[in-house]
Amino acid sequence: MAQTLVVIGHGMVGHRLLEALAERDALADPARPGASGWQVSVLAEEERPAYDRVHLSAAFTGSTGEDLSLVAPGFLERHGVDLRLGDPAERIDTVARTVTSRSGVVLGYDALVLATGSYPFVPPIEGADAEGCFTYRTLDDVTALTAHAGRGRVRSGVVIGGGLLGLEAAGALRTLGLTTHVVEFAPRLMPLQVDDGGAAALRATIESMGVAVHTGVGAAGVGTDADGRAVSLRLTDGRSLSADAVVFSAGVRPRDRLARECGLAVGDRGGVAVDAHCRTSDPYVYAVGECAQAVDGTVYGLVAPGYQMAEAVAEALAGAGALTFTGADTSTKLKLMGADVASFGDPFAPEGRGGAVSVVFSDAREGVYKKLLLGPDGALLGGILVGDAQAYGSLKPHAGRVLPAPPEAFILPAADGAALPGADALPGDAVVCSCHNVTKAQVTDAVAAEALTDVGGIKKCTKAGTGCGGCLGTLQAVLDAELAAQGIEKPRGLCEHFPLTRAEMYEKVRTERIRSFSELLETYGTGGEGCAVCKPVVANVLGTLAPELGLGHVLEGEQASLQDSNDLFLANLQKDGTYSVVPRVAGGEITADQVIALGEVARDHGLYTKITGAQRIGLFGVRREQLPDIWRRLGGAGFESGQAYGKSLRAVKSCVGARFCRFGQGDSIQLAIDLELRYRGLRTPHKFKGGVSGCLRECAEARGKDVGVIATANGWNLYVGGNGGATPRHADLLAPDLTTAELFVLVDRFLMYYVRTGERLERTAAWIERLGGSAAGLEHLKEVLIEDSLGICAELEAQMERHVAAYGDEWQAVLEDPAALERFGTVDFGAAGEAALEPGRGRTAVLADGTRAAVFKDRAGRVYAVGDRDPFSGADVIAGGIMGSKDGVPVVASPMHKQLFDLRTGICLDDPDVALPVLPLS
Numbered sequence: 001m002a003q004t005l006v007v008i009g010h011g012m013v014g015h016r017l018l019e020a021l022a023e024r025d026a027l028a029d030p031a032r033p034g035a036s037g038w039q040v041s042v043l044a045e046e047e048r049p050a051y052d053r054v055h056l057s058a059a060f061t062g063s064t065g066e067d068l069s070l071v072a073p074g075f076l077e078r079h080g081v082d083l084r085l086g087d088p089a090e091r092i093d094t095v096a097r098t099v100t101s102r103s104g105v106v107l108g109y110d111a112l113v114l115a116t117g118s119y120p121f122v123p124p125i126e127g128a129d130a131e132g133c134f135t136y137r138t139l140d141d142v143t144a145l146t147a148h149a150g151r152g153r154v155r156s157g158v159v160i161g162g163g164l165l166g167l168e169a170a171g172a173l174r175t176l177g178l179t180t181h182v183v184e185f186a187p188r189l190m191p192l193q194v195d196d197g198g199a200a201a202l203r204a205t206i207e208s209m210g211v212a213v214h215t216g217v218g219a220a221g222v223g224t225d226a227d228g229r230a231v232s233l234r235l236t237d238g239r240s241l242s243a244d245a246v247v248f249s250a251g252v253r254p255r256d257r258l259a260r261e262c263g264l265a266v267g268d269r270g271g272v273a274v275d276a277h278c279r280t281s282d283p284y285v286y287a288v289g290e291c292a293q294a295v296d297g298t299v300y301g302l303v304a305p306g307y308q309m310a311e312a313v314a315e316a317l318a319g320a321g322a323l324t325f326t327g328a329d330t331s332t333k334l335k336l337m338g339a340d341v342a343s344f345g346d347p348f349a350p351e352g353r354g355g356a357v358s359v360v361f362s363d364a365r366e367g368v369y370k371k372l373l374l375g376p377d378g379a380l381l382g383g384i385l386v387g388d389a390q391a392y393g394s395l396k397p398h399a400g401r402v403l404p405a406p407p408e409a410f411i412l413p414a415a416d417g418a419a420l421p422g423a424d425a426l427p428g429d430a431v432v433c434s435c436h437n438v439t440k441a442q443v444t445d446a447v448a449a450e451a452l453t454d455v456g457g458i459k460k461c462t463k464a465g466t467g468c469g470g471c472l473g474t475l476q477a478v479l480d481a482e483l484a485a486q487g488i489e490k491p492r493g494l495c496e497h498f499p500l501t502r503a504e505m506y507e508k509v510r511t512e513r514i515r516s517f518s519e520l521l522e523t524y525g526t527g528g529e530g531c532a533v534c535k536p537v538v539a540n541v542l543g544t545l546a547p548e549l550g551l552g553h554v555l556e557g558e559q560a561s562l563q564d565s566n567d568l569f570l571a572n573l574q575k576d577g578t579y580s581v582v583p584r585v586a587g588g589e590i591t592a593d594q595v596i597a598l599g600e601v602a603r604d605h606g607l608y609t610k611i612t613g614a615q616r617i618g619l620f621g622v623r624r625e626q627l628p629d630i631w632r633r634l635g636g637a638g639f640e641s642g643q644a645y646g647k648s649l650r651a652v653k654s655c656v657g658a659r660f661c662r663f664g665q666g667d668s669i670q671l672a673i674d675l676e677l678r679y680r681g682l683r684t685p686h687k688f689k690g691g692v693s694g695c696l697r698e699c700a701e702a703r704g705k706d707v708g709v710i711a712t713a714n715g716w717n718l719y720v721g722g723n724g725g726a727t728p729r730h731a732d733l734l735a736p737d738l739t740t741a742e743l744f745v746l747v748d749r750f751l752m753y754y755v756r757t758g759e760r761l762e763r764t765a766a767w768i769e770r771l772g773g774s775a776a777g778l779e780h781l782k783e784v785l786i787e788d789s790l791g792i793c794a795e796l797e798a799q800m801e802r803h804v805a806a807y808g809d810e811w812q813a814v815l816e817d818p819a820a821l822e823r824f825g826t827v828d829f830g831a832a833g834e835a836a837l838e839p840g841r842g843r844t845a846v847l848a849d850g851t852r853a854a855v856f857k858d859r860a861g862r863v864y865a866v867g868d869r870d871p872f873s874g875a876d877v878i879a880g881g882i883m884g885s886k887d888g889v890p891v892v893a894s895p896m897h898k899q900l901f902d903l904r905t906g907i908c909l910d911d912p913d914v915a916l917p918v919l920p921l922s
């Protein structure tokens, strides 16, 4: 017989409990009355079902409660869940085992779960209840704050609290266009996650965005005008800040009132006391999430521990009861106002005590701070990463263990996509995916049991890699080691559709003059639609060879269907679904009028601006439909695309050189400009960067670049292959004391030889290593590029000349092409129908009933419509994903982390518990 379960609260953790019960087939089947399982009623305080509070800030860029919803379509109906929105519990009677709701409904229960979460703490200061004062926890808070900020007189805002939510709130105020302050009582930002060094780097980044930070000071009172509206915030040091909006984000408190009133045991500092099974002092009542105090005495304020508690309760209710919760890892990795912040283990242990020592890397220019704390035996105790958290996935599993490589290998700058050391050396019990608590042993067991050969298979079998995506590099390293141990050779082709490597594909296209993906697939492919691996590679190859083949713009015709989201919209996709625009500033040289133009564009569109590491100014937060207008305005100021989105030249960095510096031996500015303008737009196997230093003092850090040039008394030294390998490396000297003309000839040859022989996503350093190791690889390059041992140097030079002659600004080409411009908007599918779709690529469409959808048409003319919201990131990006096939199944790859979704059913192939809604086309 069915039993009755009442859940109080339908937040993220409360809903996760329902999902965990469904995964265990522990919910009653409404189609079979009287069948065993739990019949569930949920009393929810809010008027909307569970939504993703982690991405609450997305609501300021247009996301709604429906967009952020965690409830899969049909889930509640399928499992007979009675969800009562806007009717919270008011009273629990543990003797009668009943719950009374605000509306007066009385529900009996066999088991009860408290998932009431927490409430924001508002300090007892004067004026805290004035008009213009807000908390920041719910979508209703977002709605109220947005409406208030929309009033003409509201120009400034202050956030009280510099923790995780406080900085999220500060980002929200900036998005709303307010002058923003953050007030933190502690002496540093995020005091629970980072140390003084990390907080300093984070503060510098945040202040560079125009947000004023005040630490070591508290709020004394809110000043109001005659109408009772907030106008200022008084600080405890006597200062006063202008504040038309005040947001309280000074911590939370467990919502344990119901538990206290019905006599359940509560911790001394709040929180419903629970045992290892999350059972309260009443055996029929459980508590999970932020309202519960775990057996270790901690009230966990993160969603991941809440999910683990939900799993433990689901296990108990399903009858097994083997799963327990005795504490959680509080490691965190997040992005705050554009800055990566991560901490793991115990990074705060006093240095020197017990022999603990720290290894620190700090780069104040880039806002990067990394600290690893090591025990006397060399074991990793913990770490803090600010500004660059790439190593988090590799470091976190090693907490408590000796690192398999020197700590410097993990924290010194490394190239994008480079494999960090030690992932394959992890013990079996090391957690490699924190989002789903997956160990290395679970991954290797799945590889062996299911004969997996790619990370996609690991995702599907274990869910590892389907969360934030931070562990993908670690998963690949574990997979590679496991396959090697089994004596299995990795497939050498690109993917299931092509047995060719990138270099082989390039030669086929070049020598046989193949002009399209369709032609290449028909001639050398194995059928299907292609995929998110081979399509961008073919697009890259065709883009490189466009001058040879007489092809047009990279978005012309079928080529548009091959491009990843960045190249499709000629801008860099960000985590919230917006884009960044980075115009070219060759050599770092920019006029005052251009600076003003950039500022005006940023101001008018409410964009965040940042000086990038490549001496450019980036504009962040651009919606897709705004891109053409911004390009038009920037073009009028003399800017062009900087190709910051493509596998191509990013920039050539320079010092001021002989023009200004008293030590300069060469005009590094002019040479950097000339290099950048010559090689702009060249599609390469991976992105590449350049640098020119005017003397051996190396202020442009040229030896850290793929192509680096340093002036000498006798000319220019050319270095190649900097960065980009498995560990950070300096570039090697290819040739000394070159004239400018000799330098360009040799760079032409180097880049074209790299284009011809490099593999997919292979940086120049890794390419040189593959050619025979650093020494042998460099000697090979000298033989080919200087001695012309293969007899191809003239051919390489001529090909580069054709590239230079054919260059055109990609932004301007879109602005001049009505068909290309149309792709940046939505299509009214009800009016235009299938005629508006291009085979192989998606469009954001408005269906006949007004629903927004991602609509795709395959090569055979079949049309599919699914929801545009990526369920993992919460961003509206699916229409920009690459359509393809996987084992004959039509799929789309999310632009965010490349999870694959079956276009017929909406189900995620990497995580079958997640799905996109499938939408009707009529």
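By the UniProt record's numbering, the letter at position 259 of the sequence shown is numbered 259, and the numbering carries on one by one without gaps. Note that CB positions come from ideal geometry on N, CA and C, so glycine has one too. Here the structure is a predicted model, which is why all the values come from computation and not from measurement.
| Asked | Found |
| --- | --- |
| With a cut-off of 8 Å on the beta carbons, I'd call A28 and A35 a contact; round off their distance for me. | 6 Å |
| Note down, in chain order, each residue of its chain lying with its Cβ closer than 7 Å to the Cβ of A735, except the 5 sequence neighbours on either side. | L718, L746 and I786 |
| Within the continuous alpha helix (DSSP H) that includes V537, where are the two ends? | C534 to T544 |
| If you follow the alpha helix (DSSP H) that G493 is in, where does it begin and where does it stop? | Element bounds for G493: n/a, residue is neither H nor E. |
| Is C699 helix, strand or coil when you go by DSSP? | coil |
| Applying the 10 Å Cβ sphere with the 16-neighbour rule, what's the burial state of V595? | exposed |
| Comparing C-alpha positions only, which one of D268, A304, A169 and P283 sits nearest to A245? | A169 |
| Since K705 and K687 should fall inside the 8 Å C-beta cutoff, what is the C-beta to C-beta distance between them, to a whole number of angstroms? | That belief does not hold up - the Cβ atoms of K705 and K687 are roughly 11 Å apart, past 8 Å. |
| Taking 7 Å as the cut-off, is the CB of T740 close to at least one heavy atom of the ligand HEM? | In the structure shown, the ligand HEM is absent, as is every other ligand, since no ligand is present at all. |
| Which residue's Cα is closest to the Cα of L562: A72, R859, C262 and P347? | R859 |
| With a threshold of 8 Å, are at least 3 pairs of Cβ atoms found where one atom belongs to the stretch 161 to 168 and the other to the stretch 182 to 194? | yes |
| Please name the residue, chosen from K371, K575 and A389, that lies closest to L381 on a Cα-to-Cα basis. | K371 |
| Hey, how far is the Cα of E600 from the Cα of V755? | 38 Å |
| Quick one: grab the DSSP three-state call for K782. | helix |
| Quick check: the Cα distance between A741 and G715, rounded to an integer number of angstroms? | 11 Å |
| Taking 8 Å as the cut-off, decide whether the C-beta atoms of G875 and G465 are in contact. | As written in the sequence, residue 875 is Ala, which differs from the Gly given in the question. The answer is no: Cβ separation not under 8 Å. |
| Which of the three DSSP states, helix, strand or coil, is assigned to residue 949? | The first residue shown for the chain is 1 and the last is 922, placing residue 949 beyond what the model contains. |
| Could you check how far apart the C-beta atoms of L494 and V447 are, in whole angstroms? I think they sit under 8 Å. | About 21 Å; that fails the 8 Å criterion. |
| Please report the Cβ distance between T179 and A339, rounded to the nearest whole angstrom; I am assuming they are in contact, meaning their Cβ atoms lie under 8 Å. | With 8 Å as the limit, T179 and A339 do not qualify as a contact, their Cβ atoms being about 20 Å apart. |
| Apply the 10 Å Cβ neighbour rule to A713 and answer buried if 16 or more other Cβ atoms are within range, or exposed otherwise. | exposed |
| For a test of the three-state rule: what should DSSP assign to M883, helix, strand or coil? | strand |
| Does the stretch 802 to 821 come close enough to the stretch 621 to 635 to have 3 or more Cβ pairs within less than 8 Å? | yes |
| Need the endpoints of the beta strand (DSSP E) that Q486 sits in, please. | Where Q486 is concerned, there is no enclosing beta strand (DSSP E), given that its DSSP letter is neither H nor E. |
| Mind checking whether P895 and S565 have CB atoms under 8 Å apart? | yes |
| Under the rule that 16 or more other beta-carbon atoms within 10 Å means buried, what is S240, buried or exposed? | exposed |
| Could you name each continuous beta strand (DSSP E) segment of 3 residues or more that falls completely within the stretch 121 to 194, going from the start of the chain to the end? | 133 to 135, 156 to 160 and 179 to 184 |
| Hey, which unbroken runs of the beta strand (DSSP E) at 3 residues or more fall wholly within the stretch 754 to 821? | none |
| Tell me which residues share the same chain as H15 and place their Cβ nearer than 6 Å to its Cβ, disregarding the 5 neighbours each side in the sequence. | A50 and L70 |
| Should the stretch 69 to 86 be regarded as contacting the stretch 194 to 209, the criterion being three or more beta carbon pairs within less than 8 Å? | no |
| I need the DSSP call for R624, collapsed to helix, strand or coil. | helix |
| Which ranges does the alpha helix (DSSP H) cover as unbroken runs of at least 4 residues, wholly within the stretch 290 to 369, from first to last along the chain? | 303 to 317 |
| Taking all protein chains shown into account, decide if R269 is buried (16 or more other Cβ within 10 angstroms of its Cβ) or exposed. | exposed |
| Output the distance between the C-alpha atoms of L607 and L619, rounded to the nearest integer angstrom. | 6 Å |
| Report, in whole angstroms, the separation of the C-beta atoms of L682 and S648, which I expect to be a contact under 8 Å. | 6 Å |
| Just verifying my parser: in three-state terms, what is the DSSP assignment at N566? | helix |
| Check each candidate in A212, L412 and G457 and name the one with the smallest Cα separation from P912. | G457 |
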